[in-house]
Structure formats: C-alpha cells, structure tokens
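Asker: Just passing along the structure, written as structure tokens.
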Amino acid sequence: MTTTDIPRPVDADPEKAVAKKRPRKPVSGNLRRAVPATTLLWILACLYGLPVLWFILSSLKPASDLFSYPLSLVPHNPTLSGYFQAWRSANFSQYFINTTLVCVITTILTVGVSCCTGYALAKYDNRWLKAFFICILATTMLPGEVMLAPSFLVVRNLGLYNSFTGIVLPAVLTATGCFMFRQFFLTVPDELLEAARIDGARELSIFVRIMVPISRPIMLTLAILSFQWRWNDYIWPLLMLNDPDKFTVQIGIQSIVGAQNINWSVLLGASVISMIPLIVVFLVFQRYVMSADINAGLKD
Amino acid sequence: MTKRASDVSASPPSPSRRRSKYTLAPLVLIAANVVLFSLFFVWPAVIGLVYSFTNYTGVGAFQFIGLENYHNLIGDSTFYNALTRTLLYAVLFVPLNFGASLLIANLLVSKHAKGGTVARVIFFIPWLLSPIVVGVLWRWLFGENFGLVNYIIEQFGGGAVPWQSNADLSLLVVVMAASWTWTGFSMLLFIAAIKNVPVSYYEAASLDGAGPWRQFFSITLPSIAPTSFIVILLNTINAMKEYPVFVALNNGGPGSSNNLLVQYIYETGFKRGQIGYASAASFVLMIILMAVAIIQLIVNRRVENR
Numbered sequence: 001m002t003t004t005d006i007p008r009p010v011d012a013d014p015e016k017a018v019a020k021k022r023p024r025k026p027v028s029g030n031l032r033r034a035v036p037a038t039t040l041l042w043i044l045a046c047l048y049g050l051p052v053l054w055f056i057l058s059s060l061k062p063a064s065d066l067f068s069y070p071l072s073l074v075p076h077n078p079t080l081s082g083y084f085q086a087w088r089s090a091n092f093s094q095y096f097i098n099t100t101l102v103c104v105i106t107t108i109l110t111v112g113v114s115c116c117t118g119y120a121l122a123k124y125d126n127r128w129l130k131a132f133f134i135c136i137l138a139t140t141m142l143p144g145e146v147m148l149a150p151s152f153l154v155v156r157n158l159g160l161y162n163s164f165t166g167i168v169l170p171a172v173l174t175a176t177g178c179f180m181f182r183q184f185f186l187t188v189p190d191e192l193l194e195a196a197r198i199d200g201a202r203e204l205s206i207f208v209r210i211m212v213p214i215s216r217p218i219m220l221t222l223a224i225l226s227f228q229w230r231w232n233d234y235i236w237p238l239l240m241l242n243d244p245d246k247f248t249v250q251i252g253i254q255s256i257v258g259a260q261n262i263n264w265s266v267l268l269g270a271s272v273i274s275m276i277p278l279i280v281v282f283l284v285f286q287r288y289v290m291s292a293d294i295n296a297g298l299k300d
Numbered sequence: 001m002t003k004r005a006s007d008v009s010a011s012p013p014s015p016s017r018r019r020s021k022y023t024l025a026p027l028v029l030i031a032a033n034v035v036l037f038s039l040f041f042v043w044p045a046v047i048g049l050v051y052s053f054t055n056y057t058g059v060g061a062f063q064f065i066g067l068e069n070y071h072n073l074i075g076d077s078t079f080y081n082a083l084t085r086t087l088l089y090a091v092l093f094v095p096l097n098f099g100a101s102l103l104i105a106n107l108l109v110s111k112h113a114k115g116g117t118v119a120r121v122i123f124f125i126p127w128l129l130s131p132i133v134v135g136v137l138w139r140w141l142f143g144e145n146f147g148l149v150n151y152i153i154e155q156f157g158g159g160a161v162p163w164q165s166n167a168d169l170s171l172l173v174v175v176m177a178a179s180w181t182w183t184g185f186s187m188l189l190f191i192a193a194i195k196n197v198p199v200s201y202y203e204a205a206s207l208d209g210a211g212p213w214r215q216f217f218s219i220t221l222p223s224i225a226p227t228s229f230i231v232i233l234l235n236t237i238n239a240m241k242e243y244p245v246f247v248a249l250n251n252g253g254p255g256s257s258n259n260l261l262v263q264y265i266y267e268t269g270f271k272r273g274q275i276g277y278a279s280a281a282s283f284v285l286m287i288i289l290m291a292v293a294i295i296q297l298i299v300n301r302r303v304e305n306r
C-alpha cells in the first residue's frame, strides 16, 4: 500500500517497517488506546519484576557491599563469591540431583494420573464419579500441612520413611491437576466421543487415541505446575527425610535461613541458585504454556 | 457381511451391556487416584479424626477424652487470634490477587498493549519461586534497617516504616508478597479463559457500538465466570493454609501476632507435641474450608443458571 524502500537484507521485520511508514491518521485511533494500555502494562511489569531484579543484583554484590549506604541498584564490583560460598557450604550438588529426580518422577506420574481422572470425571456421568470428584475437592480442603502428623504416621507405617517413594507417592494426587483436565475435557464436545463410539472405538482406546493427544497443552501446563510444586516443596521432605544425602534444595536453603545470624551473602546466593532450574525449565517450555491454545482444534 | 450387519444392529440396543462398559472404563481411569486417595488422604484423615478425640502426644499410649479438645479450643484466645488473622489475610489477599491477575490478563490479551510476550514472562516468574525464597526476597526488600523500600522512603524524606515490628504492616507485606507470587498462576488461567471467548462476540458488540468497558463487563466477565470461580476457590484455600511465606518472612511475627491457623496447628502439634489438640484444630480448619467451598459452589451455580 505505501511505497516502501526496496527491502534491504538488514530489514528482518518488514511488517514493522510498513507499520512505521503507515500514514498517521488511521493509526491514531489505535495509538490512543495503545499508549495507556502499553504504559499500564509496563508499569505493572516493572513493579513485578523489580523485587526479583533487586534480589539477583544484590546476590552479585560482595558481602561487604550488601549493607553499605547509599544502596546501589547495580553492584559496583560484581562477584560470584556468594554463589560459590553457597555451593560449597552445603552438599548442594547432591541436593540438586535428589530434587531433580523427585520432581521428574512425580511430575510424570501426576500428569498421567490426573489426565485419566479428569477425563473420567468430565465424560462419564455416574453418581459415584460425582462422589469421587467431591472427594478430590476435599483434598484441597485438608492440605498436607494440616495433616502432617497423621500423614507422617501413615507413610512410616507403609515403610516409606526416609525414601524418595515416601515423597513422591503422596504428592501424585493433586486436585488442581484433576480439576484442570476435567475443565478441559468438559470443553471437548461430546459429539467427538459419540462419533468415535459410533465408529466402534472402545472406550479406553478413545481416551488413548483421541483424548490424550488433544489434551497435550494441558499436559504441558500441568507438567510445569507439578515440577514447580515439587521443586519448591519444603515441609514434607523435611519431615520425611532423615539422611542428609537425600535432602532437597529447599531444606538446604532453610538451613541457612534458620541460622541464628542470617548470612545474607550465602542466603542470596543459594536462593538464586535454587531459582535457576525452574526458570530455565519455564523459559524452555513457556512457549507451550503461555501461547497454548487450550481450545486447540475444537473451535465451537 | 450379513453377520457384521447384524452385529452392528444388535449391539446398540442392549442397554445393560452398554452401562457396564461405561462403568468399567471410568473405573479403570480413576483406579490409580482412588488408591492414592485412600492411602494418603482417607487413612491419615481417619487417624487424625480419631486423635482429635484423644490426648495423644506423639509417643506412648493415649486415652479418649471425648470432646474436651474441641471444648478447650472454643476458649483458646491464641486459636481465636490465629483464626481471625487467617480470615483477615484471606479477605485482603483474595480480592487483591483476583483484581491484579484479571487486569494483567486483560492487558496481556489485548492487542493494544505492546511487548506482552516479555511482560508475561516477568509476571510469571514470581510464581516459580518457592515460598521460602519469596519470604527471603521480601524480607530483603522490606527489611527495616537494610531494605530497599525503607531506603527509598527515607530518600524521599519519610521515616523508616516498621514493616517487621508492626503486626498489621507485617501482614500487609505478606499479602503483597503472596499476591505478587500468585498473580502468575491466576493470570495464566484467566488468559486461557479470555482466549476461549469467541472473537465473534466482540466483533458483534463493537458493531453495536459497545466500548471496551462495556465489552469487558458484558462479554468477558460472564464468559470467564467458571474460571473466576476456580481462581477464587483456589486462592481462598491457599490463603487459609498459608504458612511458609509467613515463616520465612517474619516467622509469623512480630511475636506470635501473625501466626495463622496452619502455623498454630504445626506448633501445637509438633513443637508442643499436643497431637490430639492440634488434630482438633485441623478439623475446625477443614470445616471452614469446606464451608467456603460449598458457599462458592452454590454462588457459582446460581450465577451460571441465571
């Protein structure tokens, strides 16, 4: 429409160039709405990002600079000494392997089990299924923190004390996961199910062949949620594990916070290290989660 | 060929077979969760309920003392303090989180706001942090003598604000920290819901001359009602059982003024070894959470049927 220059090889984003050259008049209406919306969005983003930014920048300061006035946002002579000190002060590499192992196994189990349950709750109409749904909702009413003592006794009676199984198994059933899959499968039209039934597909193969593949966005979302929950679990592993070789990262951090005089330099370093895996996992998968078209392939 | 045709015509009209088929499939699908549910939920819940009628201290024998634990609980001022503090926290946290995440989700979905992809990541990152790290982070930010916030306030000529030693301010910091953490999650649910609203509704509305506010209140809000219900329910439950952030931020302090219910239960149960008494408190908490859920279910159903 507008006469643009001959596309230069540098111009990687021709759309942008066109937008810039577009005559002002028709844009101004959009612009009037774009400016406040964008400004508000970025003010909020700065508010939300600042605490983490301040935390990470502080962790790069040498211990002597942490409390020196005037406070500066950017460290004058950045150092990684806090990280190294934190890494050495506790058996952090072991904690990392332990936590990763627990997270991955629990996540796989949670996604599989929640998908099955959510599908059954959404697509079958039964009195006892409704009852079980209420039961699952009830698990959110009585969180693990509330039932620490009796849960501890149960897991100990099952012979799972001081084992990773004792951390993994009680964490597999999550109401949120079942809820998410149920809500998703409710949006899947029953006609799809009926059509497959008319074609003679068996119930379980309908589930495996049709329903599981279309629920992939939810699976990825729940996988990230679950990984995050388990990575950040603190109280239950602390109660369950006795052997320092089996400790998780959160217990490692808490041992620093729990000290009489908090060593902020080490604490900041350890906290930032513990944040890294989750942020990496999230940044790798965020495309799938954030832009997941939850209604994939099922328009109206 | 004829045989196959007869098969097809014979199988659908047998309702009893069909029903049994539909019973088996869901049963297989939920089997794993039923087992986990009975092992790690029903069993501890039953044990806990039994303990709540005893004077069990964690070791040795115990006696059944009837309703004495519950009786004592009614007259326990520490318990009342924990209960009112928890309710106050929920009343502050849930609307703040709901409003913030709905606003942000709308901004991110809107095509007018630029840079949404990056902003979305920024909003989501706090949710990835563990409650302990969140507590450490906000403690670092709101430290009375060394925190950035007080430093900025002092630069602008204000006095140091007692974020840690004033009980109400301390609660406020936790409310902010928790809303900050949970926005990413609620936002994600809202974004998915808003994106599922058919675009044709908005196109029709703007043809009829409805402005953005009208579109939001008449189309978006009613369309995402089921998601709003989930967000409010999950956040209320999260608020009622909040514990790690309080501990990491200020150890439920100053003193014990911000000990919420779960911390009260944890401390009576594990630190003082009164497992029976703590179990009774747990069941009071459970009844409150149940009531919240049932009220919200009823409200939700009424809104949806309207």
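Chains A and B, in that order, give the protein sequences.
Residue numbers for the first sequence follow my numbering, beginning at 1 and rising by one.
Residue numbers for the second sequence follow my numbering, beginning at 1 and rising by one.
In this text, a Cβ means the ideal position worked out from N, Cα and C, and glycines have one as well.
So which residues of chain A does SER218 of chain B contact, with C-beta pairs closer than 9 Å?
Answerer: Result: empty, since nearest Cβ-Cβ is about 19 Å, beyond 9 Å.
Asker: Closer than 6 Å by C-beta to ASN235 of chain B: which residues in its own chain qualify, once you throw out the five before and the five after it? Chain order, please.
Answerer: Only VAL94 and ASN97 meet the Cβ criterion.
Asker: Measure the C-alpha to C-alpha separation of PHE227 of chain A and VAL280 of chain A and round it to an integer number of angstroms.
Answerer: Near 12 Å, if we compare the C-alpha coordinates of VAL280 of chain A and PHE227 of chain A.
Asker: Specify whether the stretch 220–236 of chain A and the stretch 165–180 of chain A touch according to this definition: at least 3 beta carbon pairs, one from each stretch, less than 8 Å apart.
Answerer: The stretch 220–236 of chain A is in contact with the stretch 165–180 of chain A.
Asker: Using 10 angstroms around the beta-carbon of TYR264 of chain B, count the other beta-carbons present and answer buried if the total reaches 16, otherwise exposed.
Answerer: The residue in question, TYR264 of chain B, is buried, as its Cβ has 16 or more Cβ neighbours within 10 Å.
Asker: Mark VAL299 of chain B as exposed unless 16 or more other C-beta atoms lie within 10 angstroms of its C-beta, in which case mark it buried.
Answerer: So VAL299 of chain B counts as exposed.
Asker: For TRP180 of chain B, return the contacting residues in chain A, with the cut-off set at a CB-CB distance below 9 Å.
Answerer: Chain A residues near TRP180 of chain B: LEU47, TYR48 and PRO51.
Asker: For TRP331 of chain A and PRO277 of chain A, which I take to be in contact (beta-carbon distance under 8 Å), what is that distance rounded to the nearest angstrom?
Answerer: In the structure displayed, chain A extends from 1 to 300; residue 331 of chain A sits before or after that span and is not available.
Asker: Would you mind giving the Cβ-Cβ distance between PHE40 of chain B and VAL111 of chain A, rounded to the nearest angstrom? I have them listed as a contact below 8 Å.
Answerer: Wrong, their Cβ atoms sit about 18 Å apart, outside the cutoff.
Asker: Output yes if chain A places a C-beta closer than 8 Å to the C-beta of LEU207 of chain B; else output no.
Answerer: No, its Cβ sits nowhere closer than 8 Å to a Cβ of chain A.
Asker: Which of the three DSSP states is assigned to PHE40 of chain B in this structure?
Answerer: Here PHE40 of chain B sits in helix by DSSP.
Asker: Output yes or no for whether 8 Å exceeds the beta carbon distance between THR54 of chain B and GLY276 of chain B.
Answerer: For THR54 of chain B and GLY276 of chain B, yes; Cβs fall inside 8 Å.
Asker: Give a yes or no on whether 8 Å exceeds the smallest Cβ distance from CYS103 of chain A to chain B.
Answerer: So, not an interface residue.
Asker: Considering only the alpha carbon of each residue, which of A:GLN94, A:CYS115, A:ASP190 and A:LEU268 lies closest to THR174 of chain A?
Answerer: Among A:GLN94, A:CYS115, A:ASP190 and A:LEU268, the Cα nearest to that of THR174 of chain A belongs to A:CYS115.
Asker: Name, going along the chain, the residues of the stretch 263–297 of chain B whose beta-carbon falls closer than 8 Å to a beta-carbon of chain A.
Answerer: Going along the stretch 263–297 of chain B in chain order, one finds ILE265, TYR266, GLY269, PHE270, ILE275, ALA278, SER279, SER282, LEU285, MET286, LEU289, MET290 and ALA293 with a Cβ nearer than 8 Å to chain A.
Asker: Below 7 Å on C-beta distance, what does PHE55 of chain A contact in chain B?
Answerer: Ordered by position in chain B, the residues that pass the 7 Å Cβ test against PHE55 of chain A are LEU137 and TRP140.
Asker: Counting only runs that start and end within the stretch 85–139 of chain B, where is the alpha helix (DSSP H) found for 4 or more residues in a row?
Answerer: Runs of the alpha helix (DSSP H) inside the stretch 85–139 of chain B: 116–128.
Asker: What residues in its chain sit with their C-beta under 8 Å from that of ALA192 of chain B, if we drop five residues either side in the sequence?
Answerer: Answer for ALA192 of chain B: THR227, listed in chain order.
Asker: Taking only three categories from DSSP, how would you classify PHE64 of chain B?
Answerer: If DSSP states are grouped into helix, strand and coil, PHE64 of chain B belongs with the strands.
Asker: Assuming ALA45 of chain B and LEU261 of chain B make a contact with CB atoms under 8 Å, what is their CB distance in whole Å?
Answerer: With a Cβ gap of about 17 Å, ALA45 of chain B and LEU261 of chain B do not count as contacting.
Asker: Could you check what DSSP says for THR312 of chain B in three-state terms: helix, strand or coil?
Answerer: It is not possible to answer for residue 312 of chain B, since the shown part of chain B is limited to 1 through 306.
Asker: Quick one: is THR38 of chain A near chain B, going by C-beta distance under 8 Å?
Answerer: It does: the Cβ of THR38 of chain A has a partner Cβ on chain B nearer than 8 Å.
Asker: Check each candidate in A:ALA131, A:ALA223, A:LEU44 and A:GLN94 and name the one with the smallest Cα separation from ALA113 of chain B.
Answerer: It is A:LEU44.
Asker: Which bits of chain A does LEU107 of chain B rub up against, with CB to CB less than 8 Å?
Answerer: Near LEU107 of chain B (Cβ distances below 8 Å), the residues of chain A are ALA37, LEU40, LEU41 and LEU44.
Asker: Drop a sphere of 10 angstroms on the beta-carbon of GLN250 of chain A, count the other beta-carbons inside from all chains shown, and report buried for 16 or more, exposed for fewer.
Answerer: So GLN250 of chain A counts as buried.
Asker: Pair every Cβ in the stretch 282–294 of chain B with every Cβ in the stretch 211–219 of chain B, then say whether three or more of these pairs are closer than 8 Å.
Answerer: No, they do not touch.
Asker: Based on Cα-Cα distance, which residue from A:TRP87, A:ASN157, A:SER59 and A:VAL257 lies nearest to PRO78 of chain A?
Answerer: Looking at the Cα atoms, A:SER59 is the closest of the given residues.
Asker: When burial is assigned at 16 or more other CB atoms within 10 Å of the CB, is GLY115 of chain B buried or exposed?
Answerer: Per the 10 Å Cβ criterion, exposed.
Asker: Check whether chain B comes within 8 Å of ASN304 of chain A, counting only Cβ atoms and requiring the distance to be less than that.
Answerer: Residue 304 of chain A lies beyond the residue range present for chain A, which begins at 1 and ends at 300; the question has no answer from this structure.
Asker: Under the three-state reduction of DSSP, which class applies to GLY177 of chain A: helix, strand or coil?
Answerer: Helix.
Asker: For the ligand NAP, I want to know if PHE93 of chain B counts as a neighbour, meaning its beta carbon is within less than 7 Å of at least one of the ligand's heavy atoms.
Answerer: Ligands in the displayed structure: none, and consequently the ligand NAP is not present.
Asker: Report the residue from A:ASP199, A:LEU137 and A:SER151 whose alpha carbon sits nearest the alpha carbon of GLN296 of chain B.
Answerer: Ranking the options by Cα distance to GLN296 of chain B, first place goes to A:LEU137.
Asker: Show which residues of chain A have a CB atom less than 7 Å away from the CB atom of PHE53 of chain B.
Answerer: Chain A residues near PHE53 of chain B: none, gap ~13 Å exceeds 7 Å.
Asker: At what residues does the alpha helix (DSSP H) containing GLY166 of chain A begin and finish?
Answerer: Its alpha helix (DSSP H) spans residues 164–172.
Asker: What ranges does the alpha helix (DSSP H) occupy inside the stretch 202–238 of chain B, keeping only unbroken runs of at least 4 residues that lie completely in it?
Answerer: You should have 212–215.
Asker: Counting contacts by CB-CB distance shorter than 8 Å, is TRP213 of chain B in contact with chain A?
Answerer: Not an interface residue.
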